[in-house]
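Working notes for the structure below.
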Amino acid sequence: MEKEIKLRINACYGDLRPSEKKAADYVLKHLDELKTLTLDRLAENAGVSQPTVMRMIKALGYGGYKEFRYAVVEKLAAASTNTAGFEAMYGYTLTGNENIEDIPAKIVATTGSMAGEMLKNISMKTFSCVIEKLKNAQRIDIYSVENSNVIAEDLLTKLMYLGLNAGHFTDSYHQRISAGNLHPGDIALGISYSGNSKDTVDAVAAAKKAGATVIVITNFRDSLITRYADLVLCTGQEQVFYGNAIFSRTTQVMLVDMIYMALLASDYKKYVKALNRNGHVAMGIRPYIDSEHQGPIITTFFYPEGKSFSFDEMYHYIKDRGYAIYPGKVTDADTFRIGNIGEIYLEDIDRVCSIMEDFFKLRCREAV
């Protein structure tokens, strides 16, 4: 598919040189012309040299121009056999003449366009450096205002679940105080769509002065907040004035998920252990035996305090959703047991935790 070629270019775009980006931009806008373009004509049309085009092509993982052009032609041919759809409208705005039934598909398409734009603007080298800094940070302070607070809280939750020492104040005065108390080895992470939110910029500047490493998430690489940044994760370059708060959150949420998954992958065993530990703590349950002395086959947990349900009720709720637990065997406390040996995957752990959390919430509502 044509999208595969564009996705491949976008994924490498952030690490290309300016002249190579110029060649990539031309290719992205004129994919259907490549089947008849020679290397020298492509370079001439893009306003760059032939060696620049070749560097761009090799950065995408192709051995030469012939291989690259063949891949493009092949994908375009495959795409032509599929039913054509409408083109996504970047920065889609309402005119008042739309059909209600068309809105969901157009919003999804627009979000996809913004995701592709974000991927183009993220340097994978910078992203990897951000992950390394976060996982080794002594403390992580997150700064934001207004709409970006939603993203900050999402990021905070994910970092804390992984066992990282992170914090976020919604009050801008508290943010500046906290920033001034950071030290070398700490991370200050500012989130601002425009990059010009005064309170967030002030907090980042204070953290920089204190010696912390500054990471910035913004939509504009040349905005005010980037002046204080050691590392910038840019979600785009185009301003969307109407409805920008919604779409800026969309790309920022995706970036937070990228950070979370990359951290998890960077030290899988360590962070899965933290997730297992913090997941049951958040639900109000705790293991009967501390983690240092637990066996590898089955784990016993206390019931949440103030429980208002029986084991049979919890058992059948979980069993109806594809999993099974065991009753507790100790005589001095109300407990249940969960087996943790065999063909168990991370998604199974997440799913069981989600089912149990839903059950506890349901019983709390019924008890009120």
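Here our numbering is used: the first residue of the sequence shown is 452, the next is one more, and so on. From the three backbone atoms N, C-alpha and C, an ideal C-beta is built for every residue, glycine too.
Rounded to whole angstroms, what is the Cα-Cα separation between residue i and residue j?
i	j	result
residue 491	residue 476	16 Å
residue 588	residue 664	9 Å
residue 584	residue 680	13 Å
residue 738	residue 459	46 Å
residue 754	residue 778	11 Å
residue 535	residue 520	With a pLDDT of 42 at residue 535, under the threshold of 50, the modelled position of that residue is not reliable, and no figure is offered here.
residue 461	residue 505	17 Å
residue 503	residue 494	8 Å
residue 620	residue 485	51 Å
residue 564	residue 554	15 Å
residue 758	residue 720	32 Å
residue 617	residue 549	44 Å
residue 683	residue 674	11 Å
Give me, in chain order, the residues of the same chain whose beta-carbon lies closer than 8 Å to that of residue i; leave out the 5 immediate sequence neighbours on both sides.
i	result
residue 466	510, 574, 575, 576
residue 605	704, 707
Could you pull out every residue in the same chain whose Cβ sits closer than 7 Å to the Cβ of residue i, ignoring the five residues on either side in sequence?
i	result
residue 468	none
residue 648	596
Would a C-beta distance cut-off of 8 Å place residue i and residue j closer than the cut-off?
i	j	result
residue 603	residue 630	no
residue 596	residue 650	yes
residue 480	residue 498	no
residue 526	residue 455	yes
residue 582	residue 717	yes
residue 646	residue 666	no
residue 644	residue 608	no
residue 687	residue 600	no
residue 638	residue 710	no
residue 662	residue 634	yes
residue 714	residue 586	yes
What residues in its chain sit with their C-beta under 6 Å from that of residue i, if we drop five residues either side in the sequence?
i	result
residue 806	769, 772
residue 636	589
residue 489	none
So for residue i, helix, strand or coil by DSSP?
i	result
residue 594	strand
residue 600	helix
residue 502	helix
residue 475	helix
residue 521	helix
residue 767	helix
residue 620	coil
residue 778	strand
residue 555	helix
residue 489	coil
residue 757	coil
residue 736	coil
residue 784	coil
residue 640	strand
residue 789	strand
Could you tell me which uninterrupted alpha helix (DSSP H) segments, each at least 4 residues in length, are contained entirely in the segment 657 to 724, listed from first to last along the chain?
-> 695 to 717
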